[in-house]
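Everything in the sequence shown is counted per the working numbering, starting at 22 for the first residue and increasing by one. Even for Gly, the Cβ is constructed at its ideal location relative to N, Cα and C. To keep things clear, I will list the structure first and then write my remarks on it.
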Amino acid sequence: MNAESTTLIDCPCQQQQADRYITFDGIDCDGNARRVMECIERNQEAAGAGRAFWDYFMAKRQPAHGLAPDDLFLVHSHLNQIRELFETTGDDEALELLLQLEEECC
Numbered sequence: 022m023n024a025e026s027t028t029l030i031d032c033p034c035q036q037q038q039a040d041r042y043i044t045f046d047g048i049d050c051d052g053n054a055r056r057v058m059e060c061i062e063r064n065q066e067a068a069g070a071g072r073a074f075w076d077y078f079m080a081k082r083q084p085a086h087g088l089a090p091d092d093l094f095l096v097h098s099h100l101n102q103i104r105e106l107f108e109t110t111g112d113d114e115a116l117e118l119l120l121q122l123e124e125e126c127c
């Protein structure tokens, strides 16, 4: 093995794991936020007494006046409520996606 190939193998730039503190390249923040919103839609029926909040939350995506916030902003603004929804409904896949989004993008 020559010195050039050793350098390429040891180079940190060859790592596949994204690191938001270096760059957001390779992190699909918008796509993951959209998927979290789909999980919220899937789980909001099971919210029970909290259903009024989720109706309000989903209405914020399409406001009657002004600009609509993007999904990442909405998720970031309501992380604790979303986490509670996923924990209450037992949606581990959605919870895992939320934690990933929080770590990588928020």
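Assigned exposure category for residue i - 16 Cβ within 10 Å defines buried
i     : result
His85 : Looking at the sequence itself, residue 85 is Ala, so the reference to His does not match. The residue in question, Ala85, is exposed, as its Cβ has fewer than 16 Cβ neighbours within 10 Å.
Phe78 : buried
Ala54 : buried
Residue i versus residue j: straight-line alpha-carbon distance, rounded
i      : j      : result
Ser98  : Asp76  : 16 Å
Glu125 : Gly69  : 30 Å
Thr28  : Glu123 : Below a pLDDT of 50, predicted positions are generally treated as unreliable, and Thr28, at 47, falls in that range; no measurement from the model is reported.
Ala73  : Arg63  : 15 Å
Reduced DSSP secondary structure (H/G/I, E/B, other) of residue i
i     : result
Ala85 : coil
Asp92 : helix
Ile48 : coil
Asp18 : The requested residue 18 does not occur in the structure, where the chain is confined to residues 22 to 127.
Spatial neighbours of residue i in its chain, beta-carbon cut-off 8 Å, leaving aside the 5 residues before and after
i      : result
Arg82  : Met58, Ala89, Pro90, Asp92 and Leu95
Leu119 : Val57, Cys60, Val96, Leu100, Ile103, Arg104 and Phe107
Asp51  : Asp91, Asp92 and Leu93
Other residues of its chain near residue i: CB distance less than 7 Å, five sequence neighbours each side excluded
i      : result
Gln121 : Asn53
Per the contact definition of three or more C-beta pairs closer than 8 Å, is the region 111-118 in contact with the region 74-92?
-> no
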